[in-house]
Amino acid sequence: MIYFGGDYNPEQWPASVRKDDVELMLRAGVNLATVGVFSWSRLEPRPGEFDFGWLDEVLDLLHEAGIGVCLATPTASPPPWFTKLHPDAMPVNRDGVRLTHGSRDTYCVNAPAYLASSLTVTNRLASRYADHPAVRLWHIHNEYGTTCYCDSCAAAFRRWLSLRYGDEAALNDAWSTDFWSQRVSSFDEVLPPRATQYLGNPAQLLDYRRFVSDAMLAHFRAQRALLADSPAPVTTNFALGGWVPVDHAQWSREVDIVAIDDYPAADEDRAFAADLARGWARDRPWMLMEHAPSAAARAVAEPYLARGAAGILYFQWRASRGGAEQWHPAMVPHEGPDTPVFQEISALGAELRDREPVTVTASTALLYDEQTMWALQAPHLPARDPDYDTVARRWHRALDGPIDVLPPTAPLHGYDLVVAPMLYLMSAAVHRSLRDYAGGGGRLILTAGTAQVDEHCRVTPGALDDLIGARLIGPDLTDITATVLHRLPDGRPAVLENRYGAGIVRYMTTQDPGFTH
Amino acid sequence: MIYFGGDYNPEQWPASVRKDDVELMLRAGVNLATVGVFSWSRLEPRPGEFDFGWLDEVLDLLHEAGIGVCLATPTASPPPWFTKLHPDAMPVNRDGVRLTHGSRDTYCVNAPAYLASSLTVTNRLASRYADHPAVRLWHIHNEYGTTCYCDSCAAAFRRWLSLRYGDEAALNDAWSTDFWSQRVSSFDEVLPPRATQYLGNPAQLLDYRRFVSDAMLAHFRAQRALLADSPAPVTTNFALGGWVPVDHAQWSREVDIVAIDDYPAADEDRAFAADLARGWARDRPWMLMEHAPSAAARAVAEPYLARGAAGILYFQWRASRGGAEQWHPAMVPHEGPDTPVFQEISALGAELRDREPVTVTASTALLYDEQTMWALQAPHLPARDPDYDTVARRWHRALDGPIDVLPPTAPLHGYDLVVAPMLYLMSAAVHRSLRDYAGGGGRLILTAGTAQVDEHCRVTPGALDDLIGARLIGPDLTDITATVLHRLPDGRPAVLENRYGAGIVRYMTTQDPGFTH
Amino acid sequence: MIYFGGDYNPEQWPASVRKDDVELMLRAGVNLATVGVFSWSRLEPRPGEFDFGWLDEVLDLLHEAGIGVCLATPTASPPPWFTKLHPDAMPVNRDGVRLTHGSRDTYCVNAPAYLASSLTVTNRLASRYADHPAVRLWHIHNEYGTTCYCDSCAAAFRRWLSLRYGDEAALNDAWSTDFWSQRVSSFDEVLPPRATQYLGNPAQLLDYRRFVSDAMLAHFRAQRALLADSPAPVTTNFALGGWVPVDHAQWSREVDIVAIDDYPAADEDRAFAADLARGWARDRPWMLMEHAPSAAARAVAEPYLARGAAGILYFQWRASRGGAEQWHPAMVPHEGPDTPVFQEISALGAELRDREPVTVTASTALLYDEQTMWALQAPHLPARDPDYDTVARRWHRALDGPIDVLPPTAPLHGYDLVVAPMLYLMSAAVHRSLRDYAGGGGRLILTAGTAQVDEHCRVTPGALDDLIGARLIGPDLTDITATVLHRLPDGRPAVLENRYGAGIVRYMTTQDPGFTH
């Protein structure tokens, strides 16, 4: 079975619409409806006053119709009363501007009041529906992605650093604080990377992104613990993009099924996202939790299905009359079911009834690292064109499939080919892993821009020299012992090939995959 | 008679210049001088300490020369002492940044201290000059246009919403608050659309712009009430542009003469502004209160005069030596009257001596709505190219004149042709008005993008189907019963023509007026 | 002898590296190392707790090797503990955002706590090293360049204005405050040009930039006074660029040697910077304190050396592993001395051993004024393309050398040719100086945009008419008594030539140097 469905927000409509919804869902072949995302202001209309009646009815109605429920905790958008009661739980941006209610995701994940209120509503939801037979999957929160720089975050950041580094000397060393007089004498002197006079410290910036990811992960784990009594598996939906303050490779270890939201324009990008989700999931299933309904629904779903998706879900079931996403496409458009979109989606639903998730076995691995993407976004670096994500996608297109897109820390044994384009940030463990892989007989491709700094953003000159059979001085090569396979039009080497142990390492002097084959 | 003149700010010059000014005004044919805009810091140099002596002299001098005065209340720019005394009356932007003195228009129209001080100075001015024989026109404030998000505004916004909606249920319904958990349990939870995490609620954004317009209108009315003892008519000058937080159609009901400030580059835009001002004025006069003096003054004035302007005024009489508009053109340039600009303006003044405002009768109406413009500026919508204002102007150029540019709520009876391009926002009353017009035998043109949402920014699928003789699904047409007059190069319909009652409705599938004829 | 060396920050490396550093410096011909810039957090690791041991060792080591030291006061970057202790000494931007530690230069030069702490550390440094034989030069601070808008600055600005103008009447007159009701009744009402509603007052904006320069100069002088017991000369390094809040012409009177930091892309810009530094220095020496090391070091140094540089120094000696400038080029790159950059720099060092600074005598002067640059950046002016700096550089390229680039207040007697392109701001003293020069037989070139306003940004119509032999009305010319040397393609004059006293004045109706010859 393949999950098929989408976000179902019946609270936006009169109760009378629900029966139509269920009838149309059955017509469309929907077997999973995501319910309750952003429903906090309906579930707890006033502080401490809960109303689950409407949700009981929705879940019962879906269950009677045989439609499974992906039940969401509503914590991604606290209600207006929360903002009014707890102004200090609102997020603060780099400039010190405290945001207010008016959109979604407006909270600080480190604010005590937010932690208390969000875990309370999740606990109530969990207690009530842990054993509800409709619940096939728990969906914690929605697209974790709020970065904050408030004083609660500052305090939590200091605790996180203290655990990470142990003492100030280690922090000063990791952050290279002797540059520009940034040496701290106590963790108490550390601040989030708020607005400052000029360029910030790249190690501080990267650690803050790691910290934000971990702080949100702690919130996710706290919610997951409240769901432990339910037999249903647990996930959260991953948003993709350079802005995302979540290290998905790490988070993927914490979910029962990897779920991605994907809104690309091209099939190649769908293929990349699918291979990435599968790479994060490893031996667990993955699904497409959100994408845009369209009159090309069958063709759009294919790249995901062909790469092992266990579910094809949309945002959202029925188009919203109002609100910020009123023009977002929906499975049931504003004009109703007598529309090309609904017909196409129903056709896809019918097709999926007899399909199962496919198993994909890849012999090529493409390394992709969100921490590297973050490191490359630091303002002290020149703007890069193309950027990291674009380079990775170009390589993905250039390589012959199937391809596993993997975190650099993933086991590489067994792959015929491993490619690490522009992997700027490289820890000692990844250095070892690549050498083990190549030394053991693997084929490894590295590019310009790979392994320039360690995990603390400190420059590591010569770090690849043994692998590539040449000495790198900036972008230039000297002392070449490897074979020059191709040259640039100006005569400089384009591709080196070096025997390393039992394997072969190719080094590309550009980030372009043009000379791969 | 046609008013001719401009802003006269003699306080910027030694008293000795005034005699020259009057002599030159007479030479130029000036019959109306706008005095006192931005003169607060001269009229009340210290809190509660008033000095009208210099203004007495200026008014007397002009009167003796037979030059009328358009006397302005100085409330658009409080003096520095006001800022120092009342920091909490300074405007606050979306990010919570409180602005300070340093330019003009720096006040919050809902701040109690500003209301008190501004009405006091206006009251003093009104008492002193209500019967001054020079005063031909009162000019309240200047280009109302300050948006603020402070706590005074938040409180006033809640009162405004409470009056508009009555109870929270109606607000929740109008604002579609069930999307993203924005349901309020009390008006007290509502905030202005301050900086928030992501996209705001379009209904909240639009209501805030309406509220800001109404808050400034209340200030205008309070000033107008203080002028009630004077026989002179009352106006305020309307700035044009997408940033303007004033619903001029509504404000036009509150002035004795519609006065616009217009700084375009092309004659077509002058024609549009003139037809728009006349459409706002309906049966009342309208005038050009500000435009830029130039050596082409006669040609520049013609589009306004030909469309019924009762006055041609400039900003400003004599160029300012210093200040932020020191390089703004003036009737008397920096180099004095022996200049092409002054000579041309004098020639125009001479021509106008014997002219009267023309009466314009149009059989074509173009509907134009600033609330639609605001609604289309909401960030949840894709950036539109061309934007609403540009589309309206293109239609104005494409149509044969004379044309009345009208608010959509204006009576349409009697027009041969009514065009409603891209009228995204459409209330039930306007829907009725268009059907009454077409059903009664009128010719109506609608375009893509028209009537997509109601007055609360809620999607209204199928709202035009009966008028256009087809079913609209997004941008596509099905079930066409109308005649297809033109097709796009790809074969899709470009123009439909549908009989509706006794009239004819054309629907353009683009916003482009190309296929009109 | 010519100084040769660069910034040496040994605190970023283990002490074991120092011996290598000295050995390599000797190999490279380094004779001056700038030590201690940004070392405050090492010199005073906790408030009041000083550690000079490591610096003693560094200075002794360098001295033993015969390498001179340019010893820097560390005041440009207070340590993290300072930020934590004195949050109110952090700079505040126009929007009222208080910046925090995280970069460099994060302090307010008017904050009492910063003044006290920075002068204390400088005093300790001065006491300890006043007579150290290694110290050849004192380097106060680093690239003064922090603008702040906090309340300490507001108070200091009012004192500065009170001294400059004496009373409010003079301030009101200079600032043209009758425009937009900005007339102050007391200096207490004046604010820094913080965020405001619309365009600011150009005279206020310019005076604020002058005040910021003066406030930093007061800090520089206070530090210099603490160094008075040392026989070594004193300098500070000048950053170049439109953002810089320092009037270098004035500051150049306060240093023993003018020192510039220059990071251009083209040799023409290096030539301009060198002629500018020499123009600021007049009869004193000047040096290149910072530029970027490269494999073209010899060619890059030549434009400076040919124009009289007394020193060629780089930022920095050894590349930083971490921090915001980890990718900045260095004399010893990340890959070590066996690199083209180090080899080329060593070759230059060898060449310089036998050279002395050349003496330059120029017969052409190009007037260049940072206050004019600031005035032309005011937002009430149209964006200019090309901007002031670009225009000046174009003229520099077009003129035959040698050229002195001079402040407009410099003595002009003796030059064959003086060019004042786009010198928008012109004081009465400069007006007199130009007339004295031309009247005394000099050749003077003026361009469009020259002498449009006085030192208070007030328009001065006709200010050039006597010099150019024509009447300027805006950009147009009438009453031409001068000879028209060239015409534009449309027939309007391009170049006028006018006899003025014993001299000749050419006026260009564009800012382009095309018609110069």
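Residue numbers (my numbering), protein chains in the order written: chain A, 1 to 517; chain B, 518 to 1034; chain C, 1035 to 1551.
Glycine included, each C-beta is placed from N, C-alpha and C at the ideal position.
{"Query": "Under the three-state reduction of DSSP, which class applies to tryptophan 1351/C: helix, strand or coil?", "Result": "coil"}
{"Query": "Using a C-beta to C-beta distance shorter than 8 angstroms, which residues of chain A count as neighbours of valine 1547/C?", "Result": "Residue identity check: residue 1547/C is proline in the sequence provided, not valine. Correct list: empty, because the minimum Cβ distance to chain A is about 33 angstroms."}
{"Query": "Note down the Cα distance separating leucine 1093/C from leucine 1077/C, rounded to an integer number of angstroms.", "Result": "14 angstroms"}
{"Query": "Please look up how many angstroms separate the CB atoms of alanine 593/B and asparagine 659/B, rounded, as I've assumed it's under 8 angstroms.", "Result": "4 angstroms"}
{"Query": "Measure the Cβ-Cβ separation of alanine 589/B and valine 539/B and say whether it is below 8 angstroms.", "Result": "no"}
{"Query": "At a CB-CB cut-off below 8 angstroms, which residues of chain B make contact with arginine 46/A?", "Result": "Ser702"}
{"Query": "Closest to leucine 125/A by CA distance: which of Pro112/A, Gly102/A, Ala228/A and Ala33/A is it?", "Result": "Ala228/A"}
{"Query": "Look up isoleucine 1507/C in the DSSP assignment and give the residues it is bridged to.", "Result": "Asp1510/C"}
{"Query": "List the residues that DSSP assigns as beta-bridge partners of isoleucine 1083/B.", "Result": "Summary: the structure shown does not reach residue 1083/B, with chain B confined to residues 518 through 1034, and so no result is reported for it."}
{"Query": "In three-state DSSP terms, what is leucine 163/A?", "Result": "helix"}
{"Query": "Roughly how many angstroms separate the alpha carbons of alanine 1463/C and arginine 1316/C, rounded to a whole number?", "Result": "19 angstroms"}
{"Query": "Tell me where the beta strand (DSSP E) around glutamate 807/B begins and ends.", "Result": "803-807"}
{"Query": "Suppose the cutoff is 6 angstroms on Cβ atoms and the five residues either side in sequence are ignored; what does the same chain contact list for glutamate 861/B look like?", "Result": "Ala812 and Ala814"}
{"Query": "From this set, Asn1065/C, Arg1533/C and His1282/C, which residue's C-alpha is nearest arginine 1469/C's C-alpha?", "Result": "Arg1533/C"}
{"Query": "Using a C-beta to C-beta distance shorter than 7 angstroms, which residues of chain B count as neighbours of proline 91/A?", "Result": "Gln714"}
{"Query": "What residues of chain C sit near alanine 448/A, judged by a beta carbon separation below 7 angstroms?", "Result": "By Cβ distance, chain C contributes nothing, its closest Cβ being about 14 angstroms from alanine 448/A, past 7 angstroms."}
{"Query": "When you compare only the Cα positions, how much space is there between arginine 278/A and threonine 361/A?", "Result": "11 angstroms"}
{"Query": "Which of helix, strand or coil does DSSP assign to tyrosine 144/A?", "Result": "coil"}
{"Query": "What are the residues of the region 92-108 of chain A that lie near chain B, defined by any Cβ-Cβ distance shorter than 8 angstroms?", "Result": "Asn93, Asp95, Val97, Arg98, Leu99, Thr100, His101, Gly102, Ser103, Arg104, Asp105 and Thr106"}
{"Query": "Anything in chain D within Cβ reach of tryptophan 1194/C, meaning under 8 angstroms, just list it in chain order.", "Result": "Absent from the structure: chain D. Protein chains present are A, B and C."}
{"Query": "With 8 angstroms as the threshold, decide whether the Cβ of histidine 1034/B is near any Cβ in chain A.", "Result": "Because the pLDDT of histidine 1034/B is 49, which lies under 50, any placement of that residue in the model is unreliable, and the number read from its coordinates should be weighed accordingly. Cβ-Cβ to chain A under 8 angstroms: no for histidine 1034/B."}
{"Query": "Consult DSSP for alanine 686/B and reduce its assignment to one of helix, strand or coil.", "Result": "helix"}
{"Query": "Would you mind telling me which residues of chain B sit closer than 8 angstroms to aspartate 1222/C, beta carbon to beta carbon, in chain order?", "Result": "Lys601"}
{"Query": "Terminal residues of the continuous beta strand (DSSP E) containing phenylalanine 238/A?", "Result": "237-239"}
{"Query": "At a CB-CB cut-off below 8 angstroms, which residues of chain A make contact with histidine 1520/C?", "Result": "Those within 8 angstroms of histidine 1520/C in chain A number zero; the least Cβ separation is about 43 angstroms."}
{"Query": "By the 10 Å Cβ neighbour count, where 16 or more other Cβ atoms means buried, how is histidine 1034/B classified, buried or exposed?", "Result": "Any reading at histidine 1034/B needs caution, since the residue's pLDDT is 49, under 50, leaving its predicted position unreliable; the model's value is listed next. Looking at its Cβ environment, which holds fewer than 16 other Cβ atoms inside 10 Å, histidine 1034/B is exposed."}
{"Query": "Between proline 850/B and chain C, is the shortest Cβ-Cβ distance under 8 angstroms, so that the two count as touching?", "Result": "yes"}
{"Query": "Assuming contact is defined by CB atoms lying nearer than 8 angstroms, are isoleucine 774/B and proline 748/B in contact in what I supplied?", "Result": "no"}
{"Query": "Mind the definition here: the region 402-420 of chain A touches the region 346-366 of chain A only if three or more C-beta pairs lie below 8 angstroms; say whether that holds.", "Result": "yes"}
{"Query": "If you compare alpha carbons, which of Pro1371/C, Pro1279/C and Ala1308/C is closest to proline 1391/C?", "Result": "Ala1308/C"}
{"Query": "For the region 1222-1231 of chain C and the region 609-629 of chain B, state whether three or more C-beta atom pairs, one from each stretch, are separated by less than 8 angstroms.", "Result": "yes"}
{"Query": "Taking arginine 1170/C as part of the beta strand (DSSP E), name the residues at either end of that continuous run.", "Result": "1169-1173"}
{"Query": "Do phenylalanine 737/B and phenylalanine 674/B have their C-beta atoms within less than 8 angstroms of each other?", "Result": "no"}
{"Query": "Taking only three categories from DSSP, how would you classify arginine 1431/C?", "Result": "helix"}
{"Query": "Between Leu1149/C, Pro1167/C and Gly1130/C, which has its C-alpha nearest leucine 1066/C's C-alpha?", "Result": "Pro1167/C"}
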